[in-house]
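Q:
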Amino acid sequence: MAHRLRDGVSMTWTCPFCPLACDHAGVRTGSGAQPLELQGADCALARSKLAGFASAPAGIVAEVDGQAAALEAAVAAAAQRLAASRQPLFAGLGTDVAGMRALYPLACATGAICDAAPGEALMHGLRALQDRGQFTATLAEVRTRADLIVFVGGLPLAVAPLLRERLGIGDPQVPQRHVVLLGPREGDAATLAAWAGAGVTVETIALHGDLFDTVSLLDALVAKRPAAATARLPEALRALADRLHAAHYAVLVGAPPLLPAQGALIVETVHRTVNELNRKTRAAALWIAGGNGVATANQVFTWLSGLPLRSRAGPRGLEHEPLRYGSLRLIAQGAVDALLWVASFDADAVPPANDLPMIVLGPPALAAKVRRPGCVFISVSTPGIGSAGHIFRTDGTVLMPLHAARPDALPTVAAVMQGLLAQLPARRAA
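With the first letter of the sequence shown counted as 1, position 199 gets the number 277 in the working numbering; the numbers rise by one all the way through.
So this is what it looks like as structure tokens:
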């Protein structure tokens, strides 16, 4: 679809800033000196992120060791750092499909370990998926079919502010829908109560122990294990297990970024519950995560390599280490000697503290936050703001087109990656 403007408002804009990739709103672009303004939706996250693009970039920002440099010189300096590295780390990975496709050959050429900024949250879901598989759902399926929605561990509105609207809670397509909040966080109960209305009933169930205990007990009740039948358990949990069996289409919704350490165990238990329900009825799990291009980075890395992030092309071939290859662990242990940080969507996504030779690709506003000796900074265009692109939505099966709200002349992540890869052989020979 071609990019369209009407009265200064982008009519084909997809928001790239959260896992939902909402495409029902527009952006008022104004002149190059005016901030971008969200139109047609009430999303605090999108408004906040758009405010970070207060004006069109005046030009390419490139720095080497804290000093201004030409783009070509910055790319050459970055290539030199990668050529000198024995074990680089490529992290952050806030980019679109084209950017990640261009990054992967560079990662292979350098033997880099690749990890997303919220890598722990990403691994919660991936490790459980690797162990047991899962039944999943798209946003559209939940919106049009689910008659029972269970939020596990709180309402993930900080991760995806418009989740209620995207799941169709209150939408007349499903005549009667029951929404359960299992393990509310502060303020969640009041928010959920406000969702009640025509066709929507709501219920809040407190934790019995911690979240690990509660989902395990619910799983035992759903599976009708003998110990659960005789144990003294909250009646609300027993009633929820019965509701899950009686539902036409139940969906359990959670957010890996909100789960505690070892959250993969919670995800795995939810999957086991869904598997049990699918013996006689229909159920699915929907995990809300992967905003700012992280889901896209993992999808592209997986289809190109056969393995998810926290992998590398090493001397023994492809290696995947979901625990050992975490960015914070690698930096803290001194296991890497260079860092390439990609954050094209978010000027607040700064790399973890380190004293490594560092290459940072991000919006121009990120430059001041990473400026130091040993750092090469190159400003890149933000997909969906200054350039077109594609990202994956949280449900993993839908590829969303991004249209430039206000096209700029900054290089894309893909262009910078291609430049680095082209210069790498010469820098190694030098």
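The beta-carbon is built from N, C-alpha and C at its ideal position, and this holds for glycine as well.
If Ala238 and Cys96 are in contact, beta carbons under 8 Å, what's the gap, nearest whole angstrom?
A: Between Cys96 and Ala238 the Cβ distance is about 5 Å, and since that is below 8 Å, they are a contact.
Q: Give me the DSSP bridge partner(s) of Ala169.
A: In the DSSP output, where bridge partners are listed per residue, Ala169 has Trp419.
Q: Tell me whether the stretch 412-429 and the stretch 360-372 touch, counting them as touching only if at least three CB pairs, one residue from each stretch, are closer than 8 Å.
A: Yes: at least three Cβ pairs fall under 8 Å.
Q: Could one say the Cβ of Ala195 lies closer than 7 Å to chain B's Cβ atoms, at least one of them?
A: Absent from the structure is chain B; it holds one protein chain and no more.
Q: Straight-line CA distance for Ala156 to Val454?
A: Roughly 6 Å between the two C-alpha positions.
Q: Which residue wins for smallest C-alpha separation from Asp209, given the options Thr347, Arg357 and Pro503?
A: Ranking Thr347, Arg357 and Pro503 by Cα distance to Asp209 puts Thr347 first.
Q: To the nearest angstrom, how far is the alpha carbon of Leu343 from that of Gly177?
A: Those two C-alpha atoms are separated by around 32 Å.
Q: Who are the Cβ neighbours of Asp297 in its own chain at under 6 Å, not counting the five residues just before and after it?
A: If we look at Asp297 and ignore the five residues flanking it on each side, its Cβ neighbours are Thr347, Arg350 and Thr351.
Q: Excluding the 5 residues preceding and the 5 following Ala274 in the sequence, name in chain order all residues of the same chain whose CB lies nearer than 6 Å to its CB.
A: Same-chain partners within the cutoff: Val280.
Q: Reducing DSSP to helix, strand and coil, say where Gly528 ends up.
A: Outside the shown range of the chain (79 to 508) lies residue 528, about which nothing can therefore be said.
Q: Under 6 Å Cβ to Cβ from Ala309, same chain only, skipping five residues before and after it: list those, please.
A: Cβ neighbours of Ala309 beyond the five flanking positions: none.
Q: According to DSSP, which residues form a beta bridge with Ile456?
A: Answer is Ala140 and Leu439.
Q: For Val438, which residues of its own chain have a beta-carbon under 6 Å away from its beta-carbon, when the five flanking residues on both sides are left out?
A: Within the same chain, Val438 has close Cβ partners Trp419, Val448 and Phe455.
Q: With three or more C-beta pairs closer than 8 Å as the rule, is the stretch 238-248 touching the stretch 389-406?
A: Touching, no, given that fewer than three Cβ pairs across the two stretches are closer than 8 Å.
Q: Using the Cβ count rule (16 or more neighbours within 10 Å means buried), how would you classify Trp381?
A: The residue in question, Trp381, is exposed, as its Cβ has fewer than 16 Cβ neighbours within 10 Å.
Q: Starting from the Cα of Ile138, find the closest Cα among Pro503, Arg471 and Val494 and give me that residue.
A: Closest option to Ile138, Cα to Cα, is Val494.
Q: Counting pairs of beta carbons, one from the stretch 353-367 and one from the stretch 157-170, are three or more of them closer than 8 Å?
A: As far as the Cβ criterion goes, the stretch 353-367 does not touch the stretch 157-170, which means the pair count is below three.
Q: Is there contact between the stretch 210-226 and the stretch 247-256, where contact requires at least three CB pairs shorter than 8 Å?
A: Short answer: they touch.
Q: So what does DSSP say about Phe131, is it helix, strand or coil?
A: Coil, per DSSP.
Q: Within 10 angstroms of the Cβ of Pro503, are there 16 or more other Cβ atoms? Answer buried if so, exposed if not.
A: So Pro503 counts as exposed.
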